[in-house]
Amino acid sequence: MTTHADAGTAPARCDDAQRRVLVAEAHALGVPRDYGRVRRLVPVREPRELACIGEDIHQRRQWLAPRAARAYARLHAAAAADAIELQLVSAFRSAEYQLGILKRKLERGQSMEEILRVSAAPGYSEHHSGRAVDLTTPGFAALEEEFEHSSAFAWLVANAARFGFALSYPRDNPHRIAYEPWHWCWHRHRGAESGMV
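Take a look at the structure:
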């Protein structure tokens, strides 16, 4: 894990007022006004600070909130010690970036229903919190269900909780988001090996 000083500039973040504007724009594009209530999701604040956690599979720098970044560094090191290679696909994403994803999918002809089945609406994504990571491992396509058949996924299921990470979208989750075996979010809790976080 690197720090701000040696990792370059962290991505722009949205404050609460900016997030409300982006959520209103998403509603204008077709996100239902009762989206959060129906999906059991709450608006997600973006962190004031971010720490670089390395590069993703596309050589882009990825960032997490500092405490989540430290927990991720320990998770990653423990996996490596067990000969498991975890590769980053995505980490922090601003609400503005999430709105761009939604717009691009609409431009490609996807329906809002299809989009919201696989992507949280802008303002509601765990990625905004700076605590969520999307992961893959060599030999498996990124962001595909097949990841559940990897030794990396089996390792995460057995070990991620020790570091405060949990699978956010299991099958039949209450948020009506498609099963995402690659999406893990850090939740501060007692009992995790994240005591120094």
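Numbering (the numbering used here), first residue to last: 1375 to 1571. Positions of the beta carbon are idealized from the N, C-alpha and C atoms, including for glycine.
Item: Contacts around M1486, its chain only, beta-carbon distance under 6 Å, and the 5 residues preceding and following it disregarded; Value: G1404
Item: W1558 beta carbon less than 7 Å from that of V1507; Value: yes
Item: Sub-7 Å separation of W1437 and L1424 beta-carbons; Value: yes
Item: Assigned exposure category for R1393 - 16 Cβ within 10 Å defines buried; Value: buried
Item: Beta-carbon contacts of G1569 that lie in its chain and below 6 Å, excluding the five residues immediately before and after; Value: With a pLDDT of 41 at G1569, under the threshold of 50, the modelled position of this residue cannot be trusted; read the value that follows with caution. Around G1569: no qualifying Cβ.
Item: Through-space distance from A1457 to H1502, alpha-carbon basis; Value: 30 Å
Item: Delimiting residues of the beta strand (DSSP E) encompassing D1508; Value: A1506 to T1510
Item: DSSP three-state assignment for G1410, whether helix, strand or coil; Value: helix
Item: I1489 in three-state terms, based on DSSP; Value: helix
Item: N-terminal and C-terminal residue of the beta strand (DSSP E) that H1557 is part of; Value: H1557 to W1560
Item: F1537 versus A1453, E1518 and Y1471, residue with shortest Cα-Cα distance; Value: A1453
Item: R1505 classed as buried or exposed, judged by whether at least 16 other C-beta atoms fall within 10 angstroms; Value: buried
Item: Those residues which DSSP pairs with C1426 across a bridge; Value: W1437
Item: Residue span of the alpha helix (DSSP H) that contains Q1392, given as start and end; Value: D1390 to L1403
Item: E1554 burial status per 10 Å Cβ neighbour count (16 or more: buried); Value: buried
Item: Cβ contact (3+ pairs, closer than 8 Å) linking the stretch 1465 to 1473 and the stretch 1383 to 1393; Value: yes
Item: Buried or exposed by the 16-neighbour rule on C-beta atoms within 10 Å, applied to P1368; Value: Shown here, the chain extends from 1375 to 1571; a query on residue 1368 therefore has no answer.
Item: A1516 beta carbon near the ligand GDP (any heavy atom closer than 6 Å); Value: Among the ligands in the structure shown, none appear at all, so the ligand GDP cannot be discussed.
Item: Separation of A1398 from R1482, as counted between CA atoms; Value: 22 Å
Item: Nearest-angstrom Cβ-Cβ length linking I1431 and T1511, presumed shorter than 8 Å; Value: The pair is not a contact, with the Cβ atoms about 10 Å apart (cut-off 8 Å).
Item: S1525 - DSSP class collapsed to helix/strand/coil; Value: helix
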